[in-house]
Amino acid sequence: AATKTFDIASIPADGVGHEVVAAGREVLEAIATNSGGQFGFEWRDFDWGSEYYARTGRMMPEDGLEQLKDLDAIFFGAVGWPTVPDHVSLWGLRIAICQGFDQWANIRPVSMLPNVQSPIVGAHERDLDWIVVRENSEGEYSGFGGRNFSGREGLGEVSTQSAVFTEVGCERIFRFAFDLARTRPGKKVSKVTKSNAQQYGMVLWDEVFDRVAQDYPDIETESVLVDAMAAKFVLRPEDLDVVVASNLHADILSDLGSAMSGSLGLAASANLNPDRRFPSMFEPVHGSAPDIAGQGIANPVGQFGSAALMLEHFGLDVEAKSLQVAIDRTCEQGILTRDVGGTASTHDVTQAVIDNLG
Ligand code: NAI
Ligand code: MG
C-alpha cells in the first residue's frame, strides 16, 4: 500500500515545550512504525520562540504563516519565557497562528486517568469525562482596544479592551459543539454565558445558541452563567458533557478542568480550523513551566493527548484510541511524573507509552 505522509510543523518554542514535543514526536514515530508503512510523518523544524526573539526581535519571521500554510498540521509546545513580556510572546506566535489560520474551535477534553489523584472526591467512581469547546477567534481576545492619555496630567492612563461577538462566529462554534455532542454518549451541550451582566455581546451569543439548538432536537441543552459554571465544575462535574464557552471563559474553565484531572501537565488541546482551509494546531494546555524546564521531569501526557487529537484530525481514529489506551496503561502501571505523585522522568513515561502501544 502507498505510504501517506503527513507534513508536520514542529514548534517546541520555549521551556518544557522542547521536552514534551520531542517526547510526542517519539511516540508518533512509534505509531507510524507500527502502522507497517501505511503512513508516516515528515517533520519540519521551526526554532521560533523567545530565543528566536532575542536574536531577531520577532517571535517568528514576518512570512511565518506563509511557511506553515501548506503543511498538514502544527505540533506545538508552549510559548513564553521571563525574558519576553508574556503578551508579546503569546500574540507574536501562538495567537498569531490561531488567528492567521482561523483556528476558531479550540477543544480541551477533561478526563480522569488511573492512579492519578484528582482533587475531586471520588473522581474515579463518578465517571467524569467532559470536553470544553472554546470559541477561539473572537470574543474577549479579539485584540480590540487601545491605551491613551499616558502622562496626561490629572487623568491618568486610560485603556479599553472590547469583546467582539459576531453572528457567524457564534453560530459556527455552537454547530461545532452540537455536532461533537452527537458523537458522544452524553448528548448534551452546556452553554456558558454572562448575559445578565454583559447585555450586548453575551445576549447575541445566547440568542444564536437558542437558534442553533433548534436544529439539534436530539441534544439536551442548558445555559449556565460562568460563575455558576465554575462552581458546577467542582460540585457536579458528572453533569457535564460538551461545555461551550467564549474565548476568555473557556480559557479559565479549561484550566480548572485540567487541574481537576490532577495536573496541568495532563491536559491536551486542539486549535482547529474545521473548514480545513488552513493547518490546525495541536498543543498541551500548559505553558513553558520555567520552574521545571530543562530537568527532564515534565509530564508529557498533555502533549501525547494532543498527538491523539492530531491523529483523529487525520482520520486515524484507531491509532488515536490506541494511544489513549497506552497512556491509560502507563498510568495503571504507576509510571507517573512528579506533578502527579510519581518519580518517573519524561523519558520513562515516553518509553512506557511506546511499549504499551501494543
Ligand atoms: P505553566 O503552565 O507553564 O506552569 C504552571 C504550573 O504547572 C507550574 O508549576 C509548572 O511547573 C506546572 N506544569 C506545567 N506544565 C507541566 C508539565 N508538562 N509537567 C509538570 N508540571 C507542569 O504556567 P505559567 O507558569 O503561568 O506560565 C509560564 C509561561 O508559559 C508564561 O510565559 C506564560 O505566558 C506561558 N504560557 C503559555 C501557554 C501556551 O503556550 N499555550 C499557556 C499558558 C502559559
Ligand atoms: Mg490558558
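Numbering (the UniProt record's numbering), first residue to last: 3 to 360.
Built from N, CA and C at the ideal position, the CB exists for glycine as well.
Please name the residue or residues paired with residue i in a DSSP beta bridge.
{"i": "K71", "result": "DSSP, once it has assigned bridges, lists no residue as partnering K71."}
{"i": "K193", "result": "S225 and V246"}
{"i": "Q216", "result": "According to DSSP, which records beta bridges pairwise, Q216 is partnered with nothing at all."}
{"i": "R331", "result": "For R331, which the question treats as bridged, DSSP gives no partner whatsoever."}
{"i": "R110", "result": "V134"}
{"i": "M283", "result": "I76 and N273"}
{"i": "G156", "result": "Answer is none; G156 lacks a bridge partner."}
{"i": "S164", "result": "F146"}
{"i": "R46", "result": "A11"}
{"i": "K6", "result": "F41"}
{"i": "L289", "result": "Per the sequence presented here, residue 289 reads as Gly, with Leu not at that position. In the DSSP output, where bridge partners are listed per residue, G289 has none listed."}
{"i": "G141", "result": "V166"}
Determine the burial state of residue i: buried for a count of at least 16 other Cβ atoms within 10 Å of its Cβ, exposed for fewer.
{"i": "Q163", "result": "exposed"}
{"i": "S260", "result": "buried"}
{"i": "L237", "result": "exposed"}
{"i": "E140", "result": "buried"}
{"i": "P63", "result": "exposed"}
{"i": "Y202", "result": "exposed"}
{"i": "T332", "result": "buried"}
{"i": "E155", "result": "exposed"}
{"i": "V320", "result": "exposed"}
{"i": "R174", "result": "buried"}
{"i": "G148", "result": "exposed"}
{"i": "L313", "result": "buried"}
{"i": "Q105", "result": "buried"}
Relative to ligand 4, is the shortest distance from any of its heavy atoms to the C-beta of residue i smaller than 7 Å?
{"i": "N275", "result": "Absence of ligand 4 is noted for the structure shown, with ligand 1 and ligand 2 being the only ligands found."}
Taking the alpha carbon of residue i as the point to measure from, which residue in the options has its own alpha carbon closest?
{"i": "D208", "options": "A75, S347 and C172", "result": "C172"}
{"i": "L250", "options": "S263, V194, G289 and A15", "result": "V194"}
{"i": "T85", "options": "G42, E64, L73 and Y55", "result": "Y55"}
{"i": "H20", "options": "G298, L70 and L73", "result": "G298"}
{"i": "H288", "options": "N275, L258, D277 and P281", "result": "L258"}
{"i": "S113", "options": "G304, L313 and G343", "result": "G304"}
{"i": "A11", "options": "F43, T35 and V29", "result": "F43"}
{"i": "M262", "options": "V18, Q119 and E28", "result": "Q119"}
{"i": "D229", "options": "I221, L255, Q216 and E222", "result": "L255"}
{"i": "T7", "options": "E127, L311, A34 and P302", "result": "A34"}
{"i": "A291", "options": "A272, S265 and L274", "result": "S265"}
{"i": "G188", "options": "E31, V29 and L242", "result": "L242"}
{"i": "A199", "options": "R60, G38 and L227", "result": "L227"}
{"i": "G38", "options": "T5, G66 and N273", "result": "T5"}
{"i": "P286", "options": "T58, E222 and P302", "result": "P302"}
{"i": "E142", "options": "E127, L95, K196 and T185", "result": "K196"}
{"i": "G296", "options": "S324, L325 and W83", "result": "W83"}
Would you check if the distance between the CB atom of residue i and the CB atom of residue j is smaller than 8 Å?
{"i": "V170", "j": "A183", "result": "no"}
{"i": "A322", "j": "V355", "result": "no"}
{"i": "V81", "j": "A15", "result": "yes"}
{"i": "L359", "j": "A346", "result": "no"}
{"i": "R177", "j": "A252", "result": "no"}
{"i": "A270", "j": "G307", "result": "yes"}
{"i": "F180", "j": "V214", "result": "yes"}
{"i": "L130", "j": "E53", "result": "no"}
{"i": "V18", "j": "A310", "result": "no"}
{"i": "N117", "j": "G267", "result": "no"}
{"i": "I133", "j": "V244", "result": "yes"}
{"i": "F151", "j": "E159", "result": "yes"}
{"i": "A125", "j": "T352", "result": "no"}
{"i": "F41", "j": "I13", "result": "no"}
{"i": "I109", "j": "L274", "result": "yes"}
{"i": "L115", "j": "D330", "result": "yes"}
When you compare the CB of residue i with every CB in chain B, is at least one pair closer than 8 Å?
{"i": "A215", "result": "Within the model displayed, chain B is absent; a lone protein chain is all it includes."}
Sufficient close CB pairs (3 or more, under 8 Å) joining the stretch 60–76 to the stretch 94–108:
Counting C-beta pairs with one atom in each stretch, the stretch 60–76 and the stretch 94–108 have three or more that are closer than 8 Å, which means they touch.
Does the contact criterion of 3 or more C-beta pairs under 8 Å hold for the stretch 207–227 versus the stretch 265–281?
Taking 8 Å as the limit for Cβ pairs, the verdict is that the stretch 265–281 does not touch the stretch 207–227.
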